[in-house]
Each structure stands twice: as structure tokens, then as C-alpha cells.
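In the numbering used here, the protein residues as written are 614 to 1239. Here a beta-carbon is modelled for each residue, glycine too, at the ideal position from N, C-alpha and C. Computed from a predicted structure; not experimentally measured.
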């Protein structure tokens, strides 16, 4: 890191010193009557100081076969200016080129800093308990099942479950969320999170290669390899564009003087100067920089918000989407079942109905059973003593209590036992658990998956961008429709198997256009891969994250409109850069051809426009906070 800082510092100092010397030499050149050779020596020395590295790269490039890069164009143009006696302009070409490089370096470092800030989340060591002793090892050496000790101020090296201690974790680097997370025994702890307060012990559940921090770093490191079509086009365009303009400049510098006055050096000098001006302005620096830097800045802007784009192609495709399709559980909803309603009947209280349900579900680890037991615990209820439990597959439980027989399950279970159920209990939204005691219906409990706090607003924001929304879920039609209605989603498709989701996604694409799919489960992986843009929640399954083009580390639906905003802004900035650069270059090229434009104008049309493109790209990083 120190070496990099020195390089940046030297580059800045060199440009400042060169600019001061150039101003002094320029004044001497115009106001002092010095010998021509003294002026040549002064400007040549300054040229070597500010542009010697560019000239050397150009010469090395010739021997390596890189005959048409910007270094060679700058070298030819500046050397030609010396030949025709325009010493200040020769140095100016290199000076402004280096200023443009300085701005480019700043922009790249700024963009990279947003991404590289994620690199700080990787812990170098892990403290593991072995044979009762604390041993400091590399995270890669820790095995699943081993106990890790994490002290305040340390980052969690591996994913696992807290088994001892209470603390607060800073999750900002992982999710973009500033609100810390409190953890205690039984809570999950992800690698990369910063331990803020107490000492905690964590049982490792994933080896380093499969951990959250490793996955994030892998995504970041490989993002630049997946270039957008626009980036690849610019690279191909410049490869053709550069030799064409060099040939055009050569023709411009040679053909007119041969026709007009082949033996008059002043004519040759004039047309060579025009050719050199043409050559400077035609340098593809601004074009080569404009698009990749815009996409790089877009990736950096996303990382600041906990949105990881897997390359520029993800940004480009996201800009084109017309529809956002989502999974339900874990995406639109929290993915945690909770008791939403208790309805009692037959003279029983809500607490009594819940206590009966607790007795039936006390030996089950099913998520519904867990949610019921959690509510029992919250209400501090005592559950009846259970003598025997018989599970009826797909229907529920038959429970023998000390004072009677209890049925706890769905409508089918009560129907097969001849128990009548009120009509209101047949029209329940959510996952219903019906109960009967001693042959009589006593009430029901509704278990719902609560929608995320930001889901409604996120859907509204998505629609503001003119996008249609839909939900694909394996849940029942009734549940799906209620969630879709509450969140404001336009359409929903229920009882969807993975293949059904893929088929419906294809139909939606045909009807509505390019589709973005957002999911989190293993069953979503095929759909994520099949969508034009696949986005996975950071809390989701590894398979989903692998198949996705974008990862929302905060697992919030609000990341969808944020990612769309970044994608659209990135594409707009890239187009602004390209169109602006081409228009200015074309104008100065025409003016140079007719002898109006000077090399000073050409320098602005090249390095000046490149700097403007750089600054325009960097502003993506400083978007309004939401």
C-alpha cells in the first residue's frame, strides 16, 4: 500500500513541477530573445521529464508489436511538433496527456477503493480452541466443528453459530447496513463481520473456501473479467479506429504538399502541423477510458450499498429489463414463520388453544412447530402433559393427553375424524393449524410469513421505473395472492416447481420483455441462471448466489430499485462520454483539416475531453444517499 501511495504522490508532484516549468519556459520562449537551440534544449529537457516514460513505452511497444496504442500516437505527434519548430506545443501534448492520466488514476483508485474496501473484511488469522488451548492459525486451516474465539475489535474469520458470549457485530462491510446486529448463543455469525463488544465463541460450520467472506471476495475479484458488450465494442472499435486515423493523418501530411508545392518547406510544415493536430485529436484515450471507467464506477457504487455486480455485463443487462419477477419466501417475506392469529371456539381461551397446539408440536422441529413453540414461550404458557403422539403424514398429529384426545393439523385431519368445522375456519389466509379436543372443534391458529419491512416501498420504487412485477412461489394460491396484494405486486403464480418457474419466466419474457429474477433458495438456481438478470439475496443458498449475476448482501428488496438506478445511471454516463467525445473530436478534426484548429485545441479535444469523461464517470460513485 505504501508503494502505491508513493507512486501517486510522485505523479502529482511531477505534473505540478512540469506545469510550473512549462509556464516559465513558455514566457521565456515568447518574451526573451534566446537562441533557437537554447529553447530547443529547454523544452526537450522538460519533454523528457514529463513525457520520457510515454516515449519509452511507445518505443518498447514498437518492438513488441503494439504499434497502434495511445503512447505511440502521443509520441509521434509530440516528436513531429519538435520537427516543425513548435516546441511549446510538443511539450503541451505530453503535459496534458499526463494530467489526463493522473485524473484517470484518481478515478480508478476511487472506484477501486469502494470495491477494495470489501477486501478489508478478510481476516488474516483465526484463534481456534484445540485441546483446551487457544492457537492462532490461518482461516484456511480451521475445520468445520472447531471452536473459534473472537475478541472485541476482531473480524469473524469463518461462518458459524455462537455457542458462548454476547456481543454486537458491525455488518456494514458485508451488507451496506449501518445498524449493528446483536448476537448471543444460538445466533448465526458470518465471516467478515466486525466484533464490537464482548468475547464470543463460534462453532465453525463452513470451511474458509465456502464462507461468506470468501464468496464476496471471489465475486469482487472476478467482476472486472465480465465486460459489458459496450466495453468490448469500444476495445474492438479502437483497434480499427487507431490505424485508420494514423493513415488519414499520414495522407493529410503528405498528399496536399505534394500536389500544391512539393519543393516548398513552408507548405510541408503547414500540412505536417495539420496532420499532427489531426493525430493528437484522434487519439482514442477518451473513448477507451469512457465506457470501462463508467462501468467500473457503477460496480464501485453498488459495492458501497452492499450490491455486488458480477461485472459490467450485469449492469448493462439490468438497464434493459422490463419486468422484475421475485420468489416469495426469503425474498419478499422474512422467511420466518410466526403466529399471526389465534381464534378460539367452544368456550376455550386463545391461550388454552395455543397451549394445546404447543403440546402437539412440542416434539417437532418443523418450522411451523417452532413458530408455535416460540409463541408459547413468549406468552409463558404451560403445556398439557403428553402421553402419546401419533403423526398422520401430510395431515397433522393425534395426541393423547391425560384428560382426552387432541387433534392438531389441517382440515383433512378433522374431516377424516368426522369433526365439523365452521365456514370461517375454511377461509383462512396463511398456514392454518386447526384443533379439536374430545371430538369437538376448539379453534385454529394462523401461521404467516411476514413480508419484509421495505417490500412495499421497494415494489413502489420498482414501478416508478416503469417495470412490471410478478411473484413465482411454491406456496398455495391463497397465500401467494395475499402476499402479492399486501406488497403491491402486479401478478403471482402459485404452486410452482422449479421447472414451472422456468416455464413461466419464459412466458413473461415473451410478453413483457427482458426479465430480472430475484430469489434466494436452491430451487431458484435454475430460474436465476435462465433470467436475463439473476439476483440473489446474500442470505440465500450458495447455489443461488453462484447462479446469480447480482448479489444483494443486505438481503433487502430495496436493493432492487437501487441496482436498477445504478445500472441506468452507468449506461447513461457511458453514452454521454462516447457521444460527447466523438462530437468534440469530429469538430476539431474538421477544423484541423482546414487549418483553423491549433495543436492546443487538439490537446483539449484529447486530454481535456478524457478528463471530462473521467470526472463524469466518477460522479456515479457520489450518487444521492437513499
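Are the Cβ atoms of residue i and residue j separated by less than 8 Å?
i            : j            : result
residue 1214 : residue 1228 : no
residue 1045 : residue 1023 : yes
residue 764  : residue 807  : no
residue 1127 : residue 1141 : no
residue 712  : residue 1220 : yes
residue 814  : residue 762  : yes
residue 1184 : residue 932  : yes
residue 1148 : residue 1129 : yes
residue 913  : residue 884  : no
residue 1003 : residue 1011 : yes
residue 1056 : residue 956  : yes
residue 660  : residue 704  : yes
residue 889  : residue 665  : no
residue 1223 : residue 1198 : no
residue 774  : residue 816  : yes
residue 801  : residue 771  : no
residue 859  : residue 1216 : no
residue 1171 : residue 1071 : yes
residue 652  : residue 671  : no
residue 921  : residue 1163 : yes
residue 966  : residue 1048 : yes
residue 656  : residue 708  : no
residue 752  : residue 710  : no
residue 1131 : residue 944  : yes
residue 623  : residue 700  : no
residue 1063 : residue 947  : yes
residue 1158 : residue 1078 : no
residue 879  : residue 1202 : no
residue 1058 : residue 1026 : no
residue 778  : residue 812  : yes
residue 706  : residue 1150 : no
Under the DSSP definition of a beta bridge, which residues are partnered with residue i?
i            : result
residue 1001 : 1013
residue 1021 : 1010 and 1048
residue 816  : 760 and 774
residue 951  : 1061
residue 740  : 749 and 762
residue 1164 : 921 and 1149
residue 802  : 773
residue 937  : 1082 and 1129
residue 1056 : 957 and 1048
residue 807  : 768 and 783
residue 946  : 1064
Assuming residue i and residue j form a contact by the criterion Cβ under 8 Å, report the distance between their Cβ atoms to the nearest whole angstrom.
i            : j            : result
residue 1107 : residue 908  : Not really, about 38 Å apart at Cβ, beyond 8 Å.
residue 1075 : residue 1173 : 6 Å
residue 1233 : residue 910  : 4 Å
residue 997  : residue 968  : 7 Å
residue 1105 : residue 1123 : About 19 Å separates the two Cβ atoms, so there is no contact after all.
What span of residues does the beta strand (DSSP E) with residue i cover, start to end?
i            : result
residue 1078 : Here residue 1078 belongs to no beta strand (DSSP E), and DSSP marks it neither H nor E.
residue 797  : Looking at the DSSP string, residue 797 is not in any beta strand (DSSP E), and its letter there is neither H nor E.
residue 1150 : 1146-1150
residue 648  : Where residue 648 is concerned, there is no enclosing beta strand (DSSP E), given that its DSSP letter is neither H nor E.
residue 1257 : No statement about residue 1257 is possible, as the shown extent of the chain runs from 614 to 1239 and does not include it.
residue 746  : 746-750
So residue i is in the alpha helix (DSSP H); what residue range does that whole segment cover?
i            : result
residue 961  : No alpha helix (DSSP H) contains residue 961, which DSSP labels as neither H nor E.
residue 1181 : 1172-1206
residue 891  : 878-894
residue 1122 : 1111-1125
residue 1098 : 1090-1100
residue 983  : 980-991
residue 780  : Note, residue 780: premise wrong, no alpha helix (DSSP H); beta strand (DSSP E) at 780-783.
residue 1138 : 1138-1143
residue 1104 : Premise fails: residue 1104 lies in the beta strand (DSSP E), 1104-1106, not in any alpha helix (DSSP H).
residue 1229 : 1222-1231
residue 1243 : No answer is possible for residue 1243: the residues shown for the chain start at 614 and end at 1239.
field: the segment 1078-1086 in contact with the segment 921-940 per 3-pair CB rule at 8 Å
entry: Short answer: they touch.
- prompt: Does the segment 1096-1104 come within contact of the segment 983-1001, defined as at least 3 CB pairs closer than 8 Å?
  reply: By the C-beta criterion, the segment 1096-1104 is judged not to be in contact with the segment 983-1001, since fewer than 3 inter-stretch pairs fall below 8 Å.
query: If we count Cβ pairs, one from each stretch, closer than 8 Å, do we get three or more for the segment 1064-1071 versus the segment 1025-1039?
result: Look at the beta carbons and you see the segment 1064-1071 not touching the segment 1025-1039: under three pairs across the two are nearer than 8 Å.
Stretch pair the segment 969-976 + the segment 1011-1026: three plus CB contacts closer than 8 Å: Under the Cβ criterion (8 Å, minimum of three pairs), the segment 969-976 counts as touching the segment 1011-1026.
field: Given 8 Å, three or more beta-carbon pairs between the segment 858-877 and the segment 1192-1201
entry: Flag = no, the segment 858-877 and the segment 1192-1201 do not touch.
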